[in-house]
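For the protein sequence lines, the chains are A and B, in the order given. Going by our numbering, the first residue of the first sequence is number -12, and it counts up by one from there. Going by our numbering, the first residue of the second sequence is number 389, and it counts up by one from there. Cβ atoms here follow ideal geometry from the backbone N, Cα and C, with glycine treated the same way. The model shown is predicted, which means the values in this text are computed figures rather than measured ones.
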Amino acid sequence: MKEVKFSLDNSTVSLMLGDKVTKDALYGEVRRVVEKDGRALERGVLLPDGTLLRRSQMSSVAVDSEGSPVEVLQSLLDDQPVEMQPSSFEKEAPIKSVPLTRLVGFNTTDVYALDAGGLAQGLYETTFNYRKSHQPREALVLVKATEAWLLVGQFKRTTFVGKTLAYEFFDSADDDGDEADPLDFSMM
Amino acid sequence: MNLLHLDHAGKTARVGFALVPDERPKLKITQKTAAGTVSRQRVLNGLALVDPFSLKPDDVLNGDPELAAALAGRRLDVELTTAWFDPSVREPKPIGEFKEVDVVFAPDGSEKERRPHIVRASNFNALHPVKIGRRFPLADALTGFVFRACYQLVHEDGLTMEFLFALAKELHDKQEVAFLGAGPKGNQPLVVREKGSPWRAFLFGEVRGEEYRLVVMLSDQELKQPAP
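Put into structure tokens, the structure is as follows:
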């Protein structure tokens, strides 16, 4: 377990972060395999000239506007230099108590088991980044009677709607991209 | 905006099924050097097509069959097409007429089943409406499952607003979350995209004055520890 510290009401709270809990560890996984005559095939790419490539034969490199490989010197946000934030293991993040309904509209990507130490039961909002990054990720700490969890993900801006409804509000949302491999799970 | 065909209290309606924007937009970071903005370029890295596991020690001692140095650094600005090949043959070629198989593994890693690959169609706006099933106490549902994605139900007109407001008020007053099911019996997981994954769907409802909030939350995992 790794220690993560948070700042709650001007005092430091120390929690122990356990393993990531995935659905594969709970229910198993479904792997899509492509076969021909019982032999497993590998996915590659075909160039227009007929050249077949393994995916491991390709790499991605940083290049400047003239196509020369370069080392990145600076990261910018709105033309202003932006620094990397240290990992959550190196810097305390503020944490605050929030109502349970804050879980509504929170899209979880990663789940970690947690030893919550002396933190009281309830839901807490904070940020978490396992590695250093430009933008720490949104996170919730859920402390239940017998277990505690760190949920890392993203808040969505769900809203009340009434007679006057601004459909443009919803049209501005982005699709979140890929879905996981299909899995027939037996959770219910 | 997509529509969701919903059944509640003996009535059915097609209602808006909307994506929800982020609370905090993602940062748009650009990277620079003294020579200008940096972008990513796909290149060949100089590895050969050969399967490294098929090589014998003598092959590597006597030559460099794992390398294709002449290709290293070649830029790939062209359109790439996915191709499948047999990695065990010496000179792989693209193969057609293959079979897609789903291999199901148990949590301990053992293989349980092999079956033809399942391609699912979206089922939230189909002939059979999505039905409201079992109810869960609000706190149990919110703290018992991992929610991966959410959509909001919104009205299309005055009638669907009354329909949705009544549903939200019922859930709000009872402090419950409803389980949603698709298919003829209303017991199938929701599929929200073509060829997408099956999701267990939960409906949260809340009212404030004459306004309502109905959020469909999609889950594929309970919040619990794996068996030891």
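TODO: Step through the CB atoms of chain A and report whether any lies within less than 7 Å of the CB of B/P409.
DONE: Closer than 7 Å to some Cβ of chain A, the Cβ of B/P409 qualifies, so yes.
| field | N- and C-terminal bounds of the alpha helix (DSSP H) containing A/Y14 | value | First-last of the alpha helix (DSSP H) with A/Y14: 10 to 14.
Can the beta-carbon of B/H393 be found less than 7 Å from the beta-carbon of B/N513? Yes. Within cutoff.
**Prompt:** By the 10 Å Cβ neighbour count, where 16 or more other Cβ atoms means buried, how is A/G54 classified, buried or exposed?
**Reply:** Around the C-beta of A/G54, fewer than 16 other C-beta atoms lie within 10 Å, and the residue is accordingly described as exposed.
For this session: Run down chain B in chain order and give the residues with a C-beta less than 9 Å from the C-beta of A/Y154.
Result: A/Y154 reaches chain B at M389, G404, A406, V542, counting residues in chain order whose Cβ is nearer than 9 Å.
Check whether the Cβ atoms of B/P495 and A/G15 sit closer than 7 Å, and answer yes or no.
It is a contact, given that the beta carbons lie within the stated cut-off.
Can you grab the Cα-Cα spacing for the pair A/D97 / B/G451, in whole Å? When rounded, the distance between both Cα atoms is 45 Å.
task = Could you check the C-alpha separation between B/N390 and B/F405 for me, to the nearest Å?
result = Here the alpha carbon of B/N390 sits roughly 5 Å from the alpha carbon of B/F405.
- Task: Can you tell me which of the three DSSP states A/S43 falls into?
- Result: It is helical.
In chain B, which residues lie with their C-beta within 8 Å of the C-beta of A/N94? Neighbours of A/N94 on chain B, chain order: F535, R536, A537, C538.
Open item on the list: Is the beta carbon of A/F93 closer than 7 Å to that of A/F156?
Closed with: In this structure, A/F156 keeps its C-beta atom at 7 Å or more from the C-beta atom of A/F93.
Checklist entry - Distance, Cα to Cα, A/D165 vs B/L449? => result Annotation note: pLDDT 48 at A/D165 (below 50); position unreliable, coordinate value reported separately. Taking the straight line from one Cα to the other gives about 43 Å.
B/S442 (DSSP reduced to helix, strand or coil)
B/S442 falls in the helix class under three-state DSSP.
Mapping DSSP to helix, strand and coil, what is B/N450?
If DSSP states are grouped into helix, strand and coil, B/N450 belongs with the helices.
DSSP three-state call for B/H505: helix, strand or coil? Reduced to three states, the DSSP call for B/H505 is coil.
Practice item. Under 8 Å by Cβ, that's how I've got B/A589 and B/L568 pegged, so tell me the actual separation to the nearest angstrom. Key: Correct: roughly 4 Å between the Cβ atoms.
**Message:** Give me the residue from B/E467, B/R478, B/V491 with the minimum Cα distance to A/P35.
**Reply:** In terms of CA proximity to A/P35, B/E467 leads the group B/E467, B/R478, B/V491.
Checklist entry - When the Cα of B/C538 is compared with those of B/A436, B/R430, B/R601, which residue comes out closest? => result Ranking B/A436, B/R430, B/R601 by CA distance to the CA of B/C538 puts B/R601 first.
Query raised in the report: Out of B/F533, B/L552, B/V595, B/P482, which has the shortest C-alpha to C-alpha gap to B/D608?
Result: Residue B/F533 is the option with its Cα nearest to B/D608.
task = Report yes if the CB atom of B/P480 is closer than 7 Å to the CB atom of B/F486, and no otherwise.
result = Cβ atoms of B/P480 and B/F486: not closer than 7 Å.
Could you compute how far the alpha carbon of B/T548 sits from the alpha carbon of B/H396? Going by the C-alpha atoms only, they are around 12 Å apart.
Legend entry - Cβ neighbour criterion (16 or more within 10 Å) applied to A/Y99: Result: buried.
query: Quick one: is the Cβ of A/G105 within less than 6 Å of any heavy atom of the ligand FMN?
result: Of ligands this structure carries none, so the ligand FMN is not represented either.
Worksheet item: Where A/L63 and B/T470 are concerned, what is the direct C-alpha to C-alpha distance, given to the nearest angstrom?
Response: Rounded to the nearest whole angstrom, the C-alpha separation of A/L63 and B/T470 is 34 Å.
**Message:** Assuming B/H560 is part of the alpha helix (DSSP H), what are its boundary residues?
**Reply:** Counting along the chain, the alpha helix (DSSP H) containing B/H560 begins and ends at 546 to 562.
- prompt: Just checking, does the stretch 591 to 606 of chain B make contact with the stretch 113 to 133 of chain A on the three C-beta pairs under 8 Å criterion?
  reply: Fewer than three pairs of CB atoms, one per stretch, sit closer than 8 Å, so the stretch 591 to 606 of chain B makes no contact with the stretch 113 to 133 of chain A.
| Quick one: Cα of A/S84 to Cα of B/V492, how far? | Near 41 Å, if we compare the C-alpha coordinates of B/V492 and A/S84.
Hey, is B/I417's beta-carbon within less than 7 Å of any beta-carbon in chain A? Answer yes: the Cβ-Cβ gap between B/I417 and chain A drops below 7 Å somewhere.
Can you list, in chain order, the residues of its chain whose CB lies under 6 Å from that of A/D168, leaving out five sequence neighbours each side?
Residue placement at A/D168 cannot be trusted, given a pLDDT of 44 that sits under 50; the coordinates are not used to answer.
Beta-carbon proximity of B/H505 to B/E488, cut-off 7 Å: Their beta carbons are under 7 Å apart, which means B/H505 touches B/E488 by this criterion.
- Message: Considering Cα atoms alone, identify which of A/L40, A/A27, A/R26, A/K23 is closest to B/L432.
- Response: Of the candidates A/L40, A/A27, A/R26, A/K23, the one whose C-alpha sits nearest the C-alpha of B/L432 is A/L40.
Practice prompt. Can you say whether A/Q61 is buried or exposed, counting buried as having 16 or more other CB atoms within 10 angstroms of its CB?
Written response: A/Q61 is exposed by the Cβ-count criterion.
- Query: Which chain A residues are close to B/P495, counting only those with a beta carbon under 9 Å from its beta carbon?
  - Reply: Those are D11, A12, L13, Y14, G15, E16, listed as they occur along chain A.
- Could you confirm whether any beta carbon from chain A is found closer than 7 Å to the beta carbon of B/I520? No Cβ of chain A is located within less than 7 Å of the beta carbon of B/I520.
Discussion item. Between B/V507, B/G593, B/K519, which has its C-alpha nearest B/P586's C-alpha?
Written reply: Closest option to B/P586, Cα to Cα, is B/V507.
Proximal chain B residues relative to A/P35, where beta-carbon distance stays under 7 Å: By Cβ distance, chain B contributes V466, E467.
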